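> Structure below; questions to follow.
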Amino acid sequence: MKGAATLAATFVLLLVVATASLCIGRYPIPFHELSDFFLSSFNTADATCHSVACSILAHIRLPRLGAALLTGAALSVSGASYQAVFRNPLVSPGILGALSGAGFGAALGIILNVPQWMIGASAFAGSTLAVLLGTGIARLSGDSSVLMLIFGGLVSNALFTALLSILKYLADPDSQLPDIVFWLLGTLSRVTPETLSLVTIPMICTMAVLCIMGRYLDALSMGDDEARSLGVPVRLVRNLVVTLATLLCALTVSMTGIIGWVGLVIPHIARLLVGPGNRLVLPMSALTGAIFLTFSDDLARNLSAAEIPVGIMTELSGVILFLLLLPRVKTSLRGNWR
């Protein structure tokens, strides 16, 4: 009951943060204009709005807010799922090479001068390829245990990081290299309504399935033998969770670039709020991650005249939060995560 109340309170806070995010910016929008915009959207007789505020909301802030909410939630759920599967509180969504593979894919698309929408598709393909390589190495060894999955991820990370470095070396320093660096820093400024519409349903459905699997993740967190004794198909559940969490990570990178620390830090905050049970940790991670990334993007948009890439803000904020949570992480390493 307490966990449900905490989830409800966090959801209310998310609504407040999202509303404030739509109002603040270099062109402040009063709350009454925001209300008029939504009321006119529901009124088919007055669905067209020609004011500057309506144009900014419809074409810039709403897609950006949607991307922030989805990306923050997806990265947090992905990180919490990885931490449960690998039984390690220091695991993040990039452990199997998804982030380095996505960076390589995006850089390759930029160097080949493909259209903007294909850069996201190239990042998704690179992320998928990197994870397939990492898991393939584990299977070639004849052992698909957690340790071998981590080993395969390390190899995949190293390979695609090296390939990305080669592409950065070959890129045109005037036209291509700045775009690659900007993508690797993570940004919400290039999200379009079309891109958002493509990834929204897959991301929401994937997060919903992972949240439903919370009880299975609780069983996996106790160890493979204990999970099998409870009737859990360990290999099937682990492969499914890794696949879905990786899909979430790849979808976010294809839309916003590489945004770090969200999937590492936010699950710890969720556990502090609702306890260790993944049935509540996963939805709480989604809500908290959405709040965190939305707030970080607000800072990125308003702290200086030139917009700061949101990936930089999440790294700075993530480091501070991680230091505050360090005692909790040490306790986890000594206790239930062994």
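For the sequence shown, our numbering gives the first residue as 993, with consecutive numbering after it. Where a beta carbon is used, it is the ideal one built from N, C-alpha and C, also for glycine. Quick caveat, the model's predicted, so the values are computed rather than measured.
#1: Quick one: residues in its chain with C-beta nearer than 6 Å to the C-beta of L1062, no 5 flanking neighbours on either side, listed in chain order?
#2: Alpha carbon to alpha carbon, how far is G1206 from G1269? Give it in angstroms, no decimals.
#3: Taking 7 Å as the limit between beta carbons, can you name the residues of its chain near E1299, skipping five residues before and five after?
#4: Counting pairs of Cβ atoms below 8 Å between the segment 1236–1255 and the segment 1088–1100, do you hit three or more?
#5: Cα separation between A1094 and S1070?
#6: If you pair each beta-carbon of the segment 1273–1288 with each one of the segment 1306–1320, do three or more pairs fall below 8 Å?
#7: Any heavy atom of the ligand ATP within a distance shorter than 8 Å of the CB on A1117?
#8: Residue range of the alpha helix (DSSP H) that G1269 falls in?
#9: Could you tell me the distance, in whole angstroms, from the CA atom of L1202 to the CA atom of A1237?
#10: Measure from the alpha carbon of S1043 to the alpha carbon of each residue in I1021, G1097, V1008 and Q1075, then state which is nearest.
#11: With a cut-off of 8 Å on the beta carbons, I'd call A1130 and F1143 a contact; round off their distance for me.
#12: Might you give, ordered along the chain, the residues of its own chain that have their beta carbon closer than 6 Å to the beta carbon of D1216, omitting 5 neighbours on each side?
#13: I'd like the list of long-range same chain contacts for A1072, defined as Cβ closer than 6 Å, with 5 residues on each side in sequence excluded.
#14: Taking the alpha helix (DSSP H) that P1138 falls in, what are its first and last residues?
#15: Whose C-alpha, out of V1173, L1188, E1186 and L1212, is nearest the C-alpha of P1301?
#16: Would you mind reading off the limits of the alpha helix (DSSP H) that contains M1110?
#17: Please classify L1062: does DSSP put it in a helix, a strand, or coil?
#18: According to DSSP, is R1079 helix, strand or coil?
#19: Assign N1149 to buried or exposed, taking buried as 16 or more other Cβ atoms, counted over all protein chains shown, within 10 Å of its Cβ.
#20: Taking 9 Å as the threshold (C-beta atoms), are Y1074 and V1234 in contact?
#21: Beta-carbon separation of P1371 and T1184 under 9 Å?
#22: Going along the chain, which residues of its own chain have a beta-carbon closer than 6 Å to the beta-carbon of V1083, five neighbours each way excluded?
#23: Taking C-beta to C-beta, are L1005 and V1266 nearer than 9 Å?
#24: Between the Cα of V1257 and the Cα atoms of P1085, V1009 and S1114, which residue gives the shortest distance?
#25: Going by C-alpha to C-alpha distance, which of G1281, W1253 and S1296 sits closest to L1315?
#26: How about A1282 and S1068: do their beta carbons lie closer than 9 Å?
#27: Since C1015 and F1003 are thought to touch, with beta carbons under 8 Å apart, how far apart are those beta carbons, to the nearest angstrom?
#28: Which ranges does the alpha helix (DSSP H) cover as unbroken runs of at least 4 residues, wholly within the segment 1223–1250, from first to last along the chain?
#29: Is the distance from the Cβ of L1057 to the Cβ of S1013 below 9 Å?
#30: From this set, S1119, V1191 and L1317, which residue's C-alpha is nearest A1098's C-alpha?
#31: Short of 8 Å in beta carbon distance, which residues of its chain neighbour A1163, apart from the five on each side in sequence? Order them along the chain.
#32: For C1241, count neighbouring C-beta atoms within 10 Å of its own C-beta (all shown protein chains included) and say buried if the count is 16 or more, exposed if not.
#33: Tell me whether the beta-carbon of A1065 lies closer than 9 Å to the beta-carbon of L1232.
#34: If we count the other Cβ atoms within 10 Å of its Cβ and call it buried at 16 or more, is I1193 buried or exposed?
On the basis of the coordinates in this document:
#1: Taking C-beta separations shorter than 6 Å and ignoring five residues to either side along the sequence, the partners of L1062 in its chain run M1195, following chain order.
#2: Their backbone Cα atoms lie some 8 Å apart in a straight line.
#3: Excluding positions up to five away in sequence, the list reads S1181, A1292 and R1293.
#4: With the cut-off at 8 Å, the segment 1236–1255 and the segment 1088–1100 touch.
#5: Between A1094 and S1070, the C-alpha separation is close to 15 Å.
#6: Judged by Cβ distances under 8 Å, the segment 1273–1288 makes contact with the segment 1306–1320, as three or more pairs qualify.
#7: Among the components of this structure there are no ligands whatsoever, and the ligand ATP is therefore not found.
#8: DSSP places G1269 in no alpha helix (DSSP H); its state is neither H nor E.
#9: Using only the alpha carbons, I get a separation of about 8 Å.
#10: When each option's Cα is compared against that of S1043, the closest is I1021.
#11: The pair is a contact, with the Cβ atoms about 7 Å apart (cut-off 8 Å).
#12: Excluding positions up to five away in sequence, the list reads V1226.
#13: Answer for A1072: P1259, V1273, L1274 and S1277, listed in chain order.
#14: The question names Pro, but residue 1138 in the sequence shown is Val. Residues V1138 to L1162.
#15: Among V1173, L1188, E1186 and L1212, the Cα nearest to that of P1301 is on V1173.
#16: First-last of the alpha helix (DSSP H) with M1110: Q1108 to L1132.
#17: Looking at L1062 - three-state DSSP - the assignment turns out to be helix.
#18: In the structure shown, the three-state DSSP call for R1079 is coil.
#19: Its Cβ being crowded by 16 or more others within 10 Å, N1149 is buried.
#20: Taking 9 Å as the cut-off, the Cβ atoms of V1234 and Y1074 count as close.
#21: Outside the shown range of the chain (993 to 1330) lies residue 1371, about which nothing can therefore be said.
#22: The answer, listed in chain order, is Y1074 and Q1075.
#23: Not closer than 9 Å, so no.
#24: For V1257, the nearest C-alpha among the options comes from P1085.
#25: The shortest Cα separation from L1315 among G1281, W1253 and S1296 belongs to W1253.
#26: A contact, by the Cβ cut-off of 9 Å.
#27: Incorrect: roughly 19 Å between the Cβ atoms, too far for contact.
#28: For the segment 1223–1250, whole alpha helix (DSSP H) runs of length 4 or above, ordered along the chain, are 1226–1248.
#29: Yes, they are a contact pair.
#30: Checked all of S1119, V1191 and L1317; the closest Cα to A1098 is S1119.
#31: Closer than 8 Å at Cβ, skipping near neighbours: A1099, I1102, I1103, L1169 and I1172.
#32: Looking at its Cβ environment, which holds 16 or more other Cβ atoms inside 10 Å, C1241 is buried.
#33: In this structure, A1065 keeps its C-beta atom at 9 Å or more from the C-beta atom of L1232.
#34: With fewer than 16 Cβ atoms within 10 Å of its Cβ, I1193 is classed as exposed.
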